[in-house]
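When you line the sequence shown up against my numbering, it's residues 63 to 303, in that order.
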Amino acid sequence: MEYLNIQQFHHKKLVYVSPHHDDMVLSSGGLIGEISTICESLVLINVFTKSLWAPGIIGEVKCEKVETVRTCEDRFYCEKYGIEQMNLGFRDSSVRGYDADSELAAEVCNDKIYHDVLKCLRKLIKSMQYDFIFCPVGVGNHIDHKIVLEALRGMEPGKILFYEDLPYAVKYNELEIYKSIKGDLGELKEYFIDITRVFDKKIEDILLYQSQLESDLLLNIRKCAERFKGDAFMERIWVFK
Ligand SMILES: [Zn+2]
């Protein structure tokens, strides 16, 4: 088991691309807690910020309301860690007509929004200065995550790090995860981050996203963290070899 060298982010400019408002805290909350204090800057780009997905909201769920609530929850988290938040305003899968099954089965090339997202993301990132960029690796096949991955996969290989999409990974065994990543991106090298020390803090931070707290979310995040080593909690990052 090889660990990610956290010190490589010392005084570096980092960009984290998150399909939805909560992907950063769910997938990398432990890592972010560690690196946000040592990096020079950390910009979070939330791509699909118009949403109808809010199991924690009581009453009628409307897109404007959900977007406002989710943006506020995320802003609170970002302010806590000195992260600059950017919201691109694209409609997420729940607004584009997908349901819980079809959003995991759809193909990027058949989604009309793909080219607009690709153009916007590439233009934005080209205008930014950064040393490392974090991108979802696409475990779970969520259409919004796959669109972001497709848009970013051609970035400079030495600068891109792929984070494991959580809690989606809980549904797969290691062989399935390796196979799906290899099929999409070729041979990647995996690195682990020991988040045992900060795991309670990660859970506390996830609780800031009250609108997203569906049943089993915290349990699944815990299962994801403990599946590698019985006595420690982990997150995982992949890089090009
Ligand atoms: Zn997501």
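Note that the Cβ used here is the ideal one computed from N, Cα and C, for glycine as well.
In this text, all values refer to a predicted model and were calculated from it rather than measured experimentally.
- Relative to ligand 1, the beta carbon of P229 is positioned no closer than 6 Å to any heavy atom.
- The beta carbons of F302 and P219 sit about 4 Å from each other, so the pair counts as a contact at 8 Å.
- Within 10 angstroms of the beta-carbon of P81 lie 16 or more other beta-carbons, which makes it buried.
- The set of residues whose C-beta lies within less than 5 Å of a heavy atom of ligand 1 reads, in chain order, P81, H82, D85.
- Assignment of K127 by DSSP, reduced to helix, strand and coil, places it in the helix class.
- Cβ contact annotation for L104 (same chain, cutoff 6 Å, sequence separation greater than five): L76, S98, I145, in chain order.
- V232 and R284 have their C-alpha atoms some 9 Å from each other.
- In the assembly as shown, P117 is an exposed residue. Its beta-carbon has fewer than 16 other beta-carbons within 10 Å.
- In the three-state reduction of the DSSP assignment, C197 falls in the strand class, which pools E and B.
- With 16 or more other CB atoms across the displayed protein chains lying within 10 angstroms of its CB, F152 is buried.
- Ranked by Cα distance from A213, the options H177, H204, F224, K221 are led by H177.
- Each residue's CA atom was taken as its position, placing D193 and L180 some 20 Å apart.
- Shortest Cα-Cα distance from D262 to any of L247, A294, R289, I187 involves A294.
- Cβ-Cβ distances below 6 Å link I209 to V170, Y176, V179 in the same chain, with the five nearest sequence neighbours on each side left out; the list follows chain order.
- The segment 81-97 makes contact with the segment 260-275; the number of CB pairs closer than 8 Å reaches 3 or more.
- Inclusion of E102 and H73 in the CB contact set at 7 Å is warranted, their separation being smaller than that value.
- Nearest C-alpha to K174 among L186, I205, Q191: I205.
- Per DSSP, the unbroken alpha helix (DSSP H) holding N282 starts and ends at 279-288.
- Burial check for E122: the Cβ neighbour count within 10 Å stays below 16, so the residue is exposed.
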